Amino acid sequence: MSKADTLGTAPAFGAARGARSSRRNAIERTIGGDDVATAALTELPVTLISENPDNPRNHLRNLDETVESVREVGIILPIVVATVEAYLRDRPGRAEDLDDGAQYVVVDGHRRLEASRRVGLATIPVRVDNARVATDEALLEAAFVANYHRDDMTDLEEAHALKQLVDYYGSQTKAAKRLGLSQSTLASKLSLLKLSPELQKDLMTGERKVEHVRNLGKLPPEAQKAKADERAKAARQKAETRRQPEGERPSEPANYHGVISHGKVTEESSGAPADDSSQETQAELIPEQREISAGGAPAVKKFPYHDGVEAANLLLFKMPPEERDKVCDMLLRDRARRAATPN
90 MSKADTLGTA PAFGAARGAR SSRRNAIERT IGGDDVATAA LTELPVTLIS
140 ENPDNPRNHL RNLDETVESV REVGIILPIV VATVEAYLRD RPGRAEDLDD
190 GAQYVVVDGH RRLEASRRVG LATIPVRVDN ARVATDEALL EAAFVANYHR
240 DDMTDLEEAH ALKQLVDYYG SQTKAAKRLG LSQSTLASKL SLLKLSPELQ
290 KDLMTGERKV EHVRNLGKLP PEAQKAKADE RAKAARQKAE TRRQPEGERP
340 SEPANYHGVI SHGKVTEESS GAPADDSSQE TQAELIPEQR EISAGGAPAV
390 KKFPYHDGVE AANLLLFKMP PEERDKVCDM LLRDRARRAA TPN
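According to the numbering used here, the sequence shown is numbered sequentially starting from 90.
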């Protein structure tokens with residue numbers, strides 16, 4: 090049985106239009122409150138709708154799942170469009186960038202529009218809302234917020250769009266609050282714009298990974314490249330070590346006894362005793378007592394997968410800031426995906 094058979098046809102969804110996902114509510118709050126909800130709802134031929142030249146993504150990627158969903162159940166959530174007249178009112182020079190014969194410009198729903206075209210749909214449900222293109226900033230914000238919760242933006246595309254929003258809001262603090270990001274995460278993303286042209290090109294072509302070049306903008310170009318190379322080399326060595334059979338891995342020094350005590354890996358040796366302040370800090374972070382194994386040695390503690398606070402404390406204590414940024418990014422995207430799924 091197909092998704093269409095299970096969920097029903099499009100008219101059935103129209104009857105339940107009042108229920109909106111938390112993602113949709115969040116996006117509407119960010120890009121202008123209840124205006125979208127009160128905008129005109131109608132069906133338009135896809136041939137009358139142009140792509141938005143101001144969309145922060147350079148091209149559409151990873152559309153297979155969206156195309157399959159549209160093929161099975163059609164378009165459930167209407168896209169948001171504005172009339173060409175409203176779009177060109179403050180942008181007369183952009184007329185040549187619009188599709189020939191278009192009467193509307195898509196503001197939110199680029200992927201759904203493209204998927205509809207690939208499937209061969211003749212029409213698509215839309216909300217006509219000219220307020221979304223009243224200013225360049227409103228148009229950029231609407232497009233960016235919708236796209237930010239998807240995975241097909243490149244890191245540099247995201248950084249450029251964020252920079253425009255920071256310029257609009259006047260500070261990173263205001264932009265971060267508006268987008269629901271920490272200021273440190275926002276600053277880390279923006280740091281890509283300060284990379285040398287060579288590193289930016291390598292990042293775009295996939296020659297380098299974003300984690301190897303993040304937060305290097307304050308260094309001169311030569312030092313940026315050297316540090317990026319150093320990070321890449323360390324990552325390769327770490328990966329190779331993980332791939333080695335257990336018996337082939339380099340052995341630890343004879344006096345090394347690595348255990349996780351109070352949430353931290355400690356290096357016990359026959360040398361000087363551990364610093365008291367360090368032990369106090371560990372106890373404050375992870376106050377839970379460790380059990381003693383039958384042999385008298387501290388029991389190895391497993392990672393606390395079922396305790397978010399304790400897990401976060403471990404990451405804060407052990408993980409470098411740039412790695413924590415990656416974890417935060419993934420968790421934010423996961424929360425956005427779950428919020429986008431209706432209960």
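Backbone N, C-alpha and C fix where the C-beta goes; we use that ideal spot for every residue, glycine too. From a predicted model like this one, the values you see are computed outputs, not experimental measurements.
Given a threshold of 16 other Cβ atoms within 10 Å of its Cβ, counted over all protein chains shown, does Lys322 qualify as buried or as exposed?
Around the beta carbon of Lys322, fewer than 16 other beta carbons sit within 10 angstroms, so the residue counts as exposed.
Given Lys252 as reference, the closest of Ala211, Gly269, Leu279 once Cα atoms are compared:
The option with the nearest alpha carbon to Lys252 is Leu279.
Limits of the beta strand (DSSP E) - the one that Ser143 falls within
Before going further, note that residue 143 is Asp rather than Ser in the sequence given. Looking at the DSSP string, Asp143 is not in any beta strand (DSSP E), and its letter there is neither H nor E.
Using the three-state DSSP reduction, which class does Glu132 fall into: helix, strand or coil?
If DSSP states are grouped into helix, strand and coil, Glu132 belongs with the strands.
Going by DSSP, name the residue or residues bridged to Gln213.
For the record, residue 213 in the displayed sequence is Ile; it is not Gln. In the DSSP output, where bridge partners are listed per residue, Ile213 has Leu133.
Measure the alpha-carbon distance for Thr212 versus Leu308 and round it to whole angstroms.
Between Thr212 and Leu308, the C-alpha separation is close to 52 Å.
Less than 9 Å between the beta carbons of Leu137 and Gly190, yes or no?
If you check the CB distance, Leu137 and Gly190 come in under 9 Å.
Contact between the segment 215-225 and the segment 164-173 is defined here as three or more beta-carbon pairs at a separation below 8 Å; is this criterion met?
A contact exists between the segment 215-225 and the segment 164-173.
Nearest-angstrom Cα separation, counted from Ala264 out to Tyr65
Residue 65 lies beyond the stretch modelled for the chain, which goes from 90 to 432, so this question has no answer here.
So, are the CB atoms of Leu414 and Ser277 less than 9 Å apart?
It should be noted that the sequence gives Asp, not Leu, for residue 414. Contact flag set, yes.
Work out the CA separation of Glu132 and Arg297 for me, nearest whole Å.
Approximately 44 Å between the Cα atoms of the pair.
Are the CB atoms of Ser285 and Lys316 within a distance shorter than 9 Å?
No. Outside cutoff.
Terminal residues of the alpha helix (DSSP H) in which Ala264 lies:
Start and end: 261-268.
Note down the Cα distance separating Ala248 from Glu154, rounded to an integer number of angstroms.
Their Cα atoms are separated by approximately 25 Å.
Decide if Ser271 is buried, meaning its Cβ has at least 16 other Cβ atoms within 10 Å, or exposed.
Burial is judged here by how many other beta carbons sit within 10 angstroms of a residue's own beta carbon; Ser271 has fewer than 16 and is exposed.
Which one or two residues does DSSP pair with Thr172 in a beta bridge?
Paired residues: Tyr193.
Grab me the residues of Pro164's own chain with a C-beta within less than 7 Å of its C-beta, minus the 5 sequence neighbours each way, in chain order.
Note that residue 164 corresponds to Ile in the displayed sequence, not to Pro. Leaving aside the five residues that flank Ile164 on each side, the residues in its chain whose CB is nearer than 7 Å to its CB run, in chain order, Arg201, Ser205, Ile213, Pro214.
C-beta atoms of Val208 and Arg160 nearer than 9 Å
Yes.
Under the three-state DSSP convention, the category Phe406 falls into:
Note: Phe406 maps to helix in three-state DSSP.
Opening and closing residue of the alpha helix (DSSP H) in which His395 lies
Under the DSSP assignment, His395 falls outside any alpha helix (DSSP H); it carries neither an H nor an E label.
Which residues bound the alpha helix (DSSP H) around Ser158?
Counted as a single uninterrupted DSSP element, the alpha helix (DSSP H) harbouring Ser158 occupies residues 153-162.
Is Leu245 closer than 9 Å to Leu282 when the C-beta atoms are compared?
A contact, by the Cβ cut-off of 9 Å.
Residue of Val135, Gly397, Asp256 minimising C-alpha distance to Asp188
Residue Val135 is the option with its Cα nearest to Asp188.
Does DSSP put Ala315 in a helix, a strand or coil?
Helix at Ala315.
Since Thr294 is in the alpha helix (DSSP H), which residue starts that stretch and which ends it?
Unbroken alpha helix (DSSP H) run through Thr294: 286-294.
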